[in-house]
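Comments concern the structure below.
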Amino acid sequence: MGTHLLRIARCLRNLTIKQLAEEARVGSSTIWRAEHSYPINAESRRRLCLYFGKNAQELGLIRDEMPVEPEPTEVLVPFERVAQNLSSPQEKSQQREQGPEQHAGVWLALHATELSTLFETGWSIEEVLNSLRVVLRGTQGLPSTVRQKIMRIDDIIPNASDHVSMDERTLLCQTLQQSVAEGWQRFHTMRPTEVFVSAQAQLYLVQQTHELIFPEVRYGLYAAIYNLIGAAAYLQGSYTAAQQAYTKAHIAALEGADIWNMAQNLNWQAIIANVRGNYDSAIAHIEAALRLVVNEFGEEFVRLRAHLLADWAYNAALLQDAHRAEEKLDASARFLEKLGPHEEFDQAKWHQMAGSCMLTLKHYSRAINHLEQSLEQQAPQWIIRRALTLVPLAEAYARKRELEASLNTAERIMTLLEEVDSSMLNQRFQEYQHTLIKTFPHEPRAKALLTRARQHPMAL
Numbered sequence: 001m002g003t004h005l006l007r008i009a010r011c012l013r014n015l016t017i018k019q020l021a022e023e024a025r026v027g028s029s030t031i032w033r034a035e036h037s038y039p040i041n042a043e044s045r046r047r048l049c050l051y052f053g054k055n056a057q058e059l060g061l062i063r064d065e066m067p068v069e070p071e072p073t074e075v076l077v078p079f080e081r082v083a084q085n086l087s088s089p090q091e092k093s094q095q096r097e098q099g100p101e102q103h104a105g106v107w108l109a110l111h112a113t114e115l116s117t118l119f120e121t122g123w124s125i126e127e128v129l130n131s132l133r134v135v136l137r138g139t140q141g142l143p144s145t146v147r148q149k150i151m152r153i154d155d156i157i158p159n160a161s162d163h164v165s166m167d168e169r170t171l172l173c174q175t176l177q178q179s180v181a182e183g184w185q186r187f188h189t190m191r192p193t194e195v196f197v198s199a200q201a202q203l204y205l206v207q208q209t210h211e212l213i214f215p216e217v218r219y220g221l222y223a224a225i226y227n228l229i230g231a232a233a234y235l236q237g238s239y240t241a242a243q244q245a246y247t248k249a250h251i252a253a254l255e256g257a258d259i260w261n262m263a264q265n266l267n268w269q270a271i272i273a274n275v276r277g278n279y280d281s282a283i284a285h286i287e288a289a290l291r292l293v294v295n296e297f298g299e300e301f302v303r304l305r306a307h308l309l310a311d312w313a314y315n316a317a318l319l320q321d322a323h324r325a326e327e328k329l330d331a332s333a334r335f336l337e338k339l340g341p342h343e344e345f346d347q348a349k350w351h352q353m354a355g356s357c358m359l360t361l362k363h364y365s366r367a368i369n370h371l372e373q374s375l376e377q378q379a380p381q382w383i384i385r386r387a388l389t390l391v392p393l394a395e396a397y398a399r400k401r402e403l404e405a406s407l408n409t410a411e412r413i414m415t416l417l418e419e420v421d422s423s424m425l426n427q428r429f430q431e432y433q434h435t436l437i438k439t440f441p442h443e444p445r446a447k448a449l450l451t452r453a454r455q456h457p458m459a460l
């Protein structure tokens, strides 16, 4: 495949991906996807066409065989191109004459150059390193025979002559499990694009070592990774892609009789049903998940039950069932009484959910109280949680007609949204703006905020 037309147009203007994103007011990750022939949404196409003065075909943004506006599908990480840069026989001969430190240095330079592609999409060094930490956790357990061949697509699984011991297989399973667990731990601290790329890399490793992973571990890995891919797609606003990933996760969890991942998957499917306005369906998913874990008593399952009950409360609130919402919130809180902070669910997340319930039920003072408590208890690195808390807080202040507090909160949101780069959260913020201007239609400060928001380089 030749150089993409959008990349050519960008390079002719001497623009980096980040500079084009700022000029055209389109997300960096959106431009990267377009230049690698993945579909982008109609508004992003419109802005790029307007900026370059060309139509979508001239920029390579749509193809005859491509639907006009499909949901993004799973993508392979840019790391796959490393295979094209493997050393030539002459280079390998020269490297054998070098010491191990020199050999490692050459290898590091080669692959660091490939990873530098991520810098063009606006990633920072810290973001690249965060994603690498997650992926390397899994690769360190690869048997040497697999590691040497991992970039040869036609010969990744060892053949009969490549013996892999039980100890090596055990280590592989352990490190892959640790890698996936770390990916989930970092879910609230990384941008959705980083999570998506890291999860795709993890999926690639699991797929290519499929036969070496013990069956009792294999299905849980697939389920957890597909759930993570779905969660990242959800934050990117790609709900169809998220649902597709959740379906794959559900099948994997069923095949492995994995109660934990089945319950988690049902909760994520409830979240997708929720964003589509199917609140009764969301509650049905949550009830099914609760039935699965009713006889599980480990701390992680107690925390999961608290999470499920809080999500039930939120859907009940959206159905204006105040009694059921209060009942489920109280039940959720009881499960959390002896549990500390945790990325899965904790007191801070409970206050966030309770605040969102109170906002929906028009109890604005109670909503503000819960949401402020949530912010106080959140770890500063949990940027996704912070954004999910600040948006309803800004709305609660607006609906209570506390303009100054609402505007101050909105300013914090705009700064955070640029860092988070989530289409779903950007949409939530746009909904807040509609509430703000509807509540304060003649207030100059509200109009000024909307003007700044339109000029802000938030991703679409």
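Quick note: the sequence shown, position 200, residue 200 per full-length UniProt numbering, numbers continuous.
Beta carbons: idealized from backbone N, C-alpha and C, even for Gly.
Quick caveat, the model's predicted, so the values are computed rather than measured.
| Asked | Found |
| --- | --- |
| F440 to Q378 span [Cα, whole Å] | 31 Å |
| Length at least 3, wholly inside the stretch 363-435: the beta strand (DSSP E) runs in chain order | none |
| Range of the contiguous alpha helix (DSSP H) that encloses A199 | P192 to Q208 |
| Complete runs of the alpha helix (DSSP H) confined to the stretch 318-363 [at least 4 residues] | 322-336 and 347-360 |
| Local Cβ density within 10 Å of R13, reported as buried at 16 or more and exposed below that | exposed |
| Extent of the continuous alpha helix (DSSP H) to which G230 belongs | P215 to L235 |
| Status (buried if at least 16 other CB within 10 Å, exposed otherwise) for L390 | buried |
| Exposure of H434, with buried meaning 16 or more beta-carbon neighbours within 10 Å | exposed |
| Helix, strand or coil at S29 according to DSSP, with G and I counted as helix | helix |
| Among M424, P392 and P341, the one whose alpha carbon lies nearest that of R412 | P392 |
| Pair within 9 Å by beta-carbon distance, L371 and A396 | yes |
| Run of the alpha helix (DSSP H) containing P441, from where it starts to where it stops | Run containing P441: none; DSSP gives neither H nor E here. |
| Pair within 9 Å by beta-carbon distance, A233 and A241 | yes |
| DSSP three-state assignment for I40, whether helix, strand or coil | coil |
| A310 vs W350 beta-carbon contact at 9 Å | yes |
| Close Cβ partners of I213 (< 8 Å) along its chain, the five nearest in sequence each way excluded | R169, L172, C173, L176, V206 and L221 |
| Buried or exposed (CB count within 10 angstroms, at least 16 for buried), P341 | exposed |
| Contact check, D387 vs L417, beta carbons under 9 Å | Note on identity: in this sequence residue 387 is Ala, with Asp being the wrong assignment. For A387 and L417, yes; Cβs fall inside 9 Å. |
| Neighbourhood of L375 by C-beta distance below 6 Å, restricted to the same chain and skipping five residues each side | T389 |
| Range of the contiguous alpha helix (DSSP H) that encloses Q243 | Y239 to E255 |
| Three-state secondary structure (DSSP) of L48 | helix |
| For C357 and K338, the rounded distance between their alpha carbons | 23 Å |
| Rounded straight-line distance, which links the Cα of N295 to that of T415 | 44 Å |
| As assigned by DSSP and simplified to three states, the class of E299 | helix |
| Backbone secondary structure at R13 - three-state DSSP | coil |
| Under the three-state DSSP convention, the category residue 467 falls into | The chain is shown from 1 up to 460; residue 467 falls before or after that span and cannot be answered. |
| Where S179 sits in the DSSP three-state scheme | helix |
| Anticipated Cβ contact below 8 Å, V217 with A263, distance rounded | Between A263 and V217 the Cβ distance is about 18 Å, and since that is not below 8 Å, they are no contact. |
| Straight-line Cα distance separating Q430 from E326 | 29 Å |
| Beta-carbon gap between A61 and L6 smaller than 9 Å | This sequence places Leu at residue 61; Ala is not what is there. Yes. |
| Sequence-distant residues of its chain with Cβ nearer than 7 Å to A317 (five each side left out) | A325, C357, T360 and L361 |
| Whether K400 touches I437 by CB criterion (9 Å) | no |
| Residue range of the unbroken alpha helix (DSSP H) whose run includes A270 | I259 to V275 |
| Cβ-Cβ distance between I8 and L20 below 9 Å | no |
| 6 Å Cβ shell around M353 - same chain, five flanking residues per side excluded | A310 and Y314 |
| P380 burial status per 10 Å Cβ neighbour count (16 or more: buried) | exposed |
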